[in-house]
Every structure is written in C-alpha cells, then in structure tokens.
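K.L.:
Count the sequence shown with my numbering and you get residues 9 to 149, in order.
Glycine included, each C-beta is placed from N, C-alpha and C at the ideal position.
Sharing a structure below in structure tokens format, with a few things to ask.
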Amino acid sequence: ECVNDAYLGAWNAIPPANPHPLLTYICKIVRNISLKIYYRKEAAKRNSTYTIAMEEIEACIADPNTVEAEIEARELARIIESFLDTLTVENRVIFMRRYWFSDSCKDIAEFVGLSEKNISVRLTRIRQKMKSYLAEREVFV
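Laid out in structure tokens, this is it:
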C-alpha cells in the first residue's frame, strides 16, 4: 500500500516540483505516507513510543498551516540542521535516535552506554536549547 501511494505521490508532485536529489524527495514522500498510515493505525493507542516522541518535540516547532508552508518547512529544516551542528556528536546521536528513529529512552541508553535518566535529562536540555535557538532565529514556537 505504501509503495503504491509513494509512486502516486511522486507522479502527482513531480510535474510542478523539480526535486533534487530525486531519491531524497521520494524517501520524504514514503516517510510522510508511512506516518499517515501509522497515525491511522495508532489512533486508538495514544501512548505508543513514536506518538510520545512526536508530542515531546512538537512543542518546539510551529504548526505549518499557511500558504508559505513549503518555504517555511525548508527554512525550518535548514535552521534545525544548523542547530544540530551545534550539538556534540553524542547529543546529536541521542536527539536523532529519539526524534528521527523514535527509539525509547531505554533503547538509546543501551545504545550509547548511559543511564535512562541521563538520556531523559539530556533530551530535556536539548529541547530547551532548541527552543531558545529557534526563538533567537525568530522561528515562532
């Protein structure tokens, strides 16, 4: 289902858009479709790991419901990338494992060799830094 939707999404989106690189563009389409399917299937289970991770991070990011959503999303992605560059490698790994791969704090702790509490504290501090970083760059949160 996801593969067919990805082909259809790419077919419908590419004529007005000129994606470069194409693989990244299609991966983004597949990821978005996967998230839609996931949210549909997990609607009754609001305490899943992924849902909790997204709820934690969404407080830092503005809701893109404007006409300029695509431009703002690209700018936000650029700013977040520059924020990630300010983090230590270990904190960047922790952040990405939590909010990109949706790993639990326990899984991240095992992966990096720290305590679960330490991971939780670090994630809280990283979110606070990110919120400040976005506010400094006038990204409204």
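Report yes if the CB atom of Leu142 is closer than 8 Å to the CB atom of Ile87, and no otherwise.
P.N.:
Yes.
K.L.:
Since Ile102 and Val120 should fall inside the 8 Å C-beta cutoff, what is the C-beta to C-beta distance between them, to a whole number of angstroms?
P.N.:
Their Cβ separation, rounded to whole angstroms, is 6 Å, which keeps Ile102 and Val120 in contact under 8 Å.
K.L.:
Determine whether the beta carbon atoms of Arg100 and Ile116 lie at a separation below 8 Å.
P.N.:
No. Outside cutoff.
K.L.:
Where does Thr164 sit, in a helix, a strand or coil, going by DSSP?
P.N.:
Absent from the model: residue 164. The displayed extent of the chain is 9 to 149, so no value can be given.
K.L.:
How big is the Cα-Cα spacing for Leu43 and Lys49?
P.N.:
Spanning the two alpha carbons is a distance of roughly 10 Å.
K.L.:
Apply the 10 Å Cβ neighbour rule to Asp93 and answer buried if 16 or more other Cβ atoms are within range, or exposed otherwise.
P.N.:
Exposed.
K.L.:
Could you work out which residue in Cys113, Glu118, Lys139, Glu144 is closest to Val129 when comparing CA atoms only?
P.N.:
Looking at the Cα atoms, Cys113 is the closest of the given residues.
K.L.:
Rounding to the nearest angstrom, what Cα-Cα distance links Ser123 and Leu95 in this structure?
P.N.:
The straight-line gap from Cα to Cα measures roughly 19 Å.
K.L.:
Report, in whole angstroms, the separation of the C-beta atoms of Ile41 and Ala14, which I expect to be a contact under 8 Å.
P.N.:
Their Cβ separation, rounded to whole angstroms, is 6 Å, which keeps Ile41 and Ala14 in contact under 8 Å.
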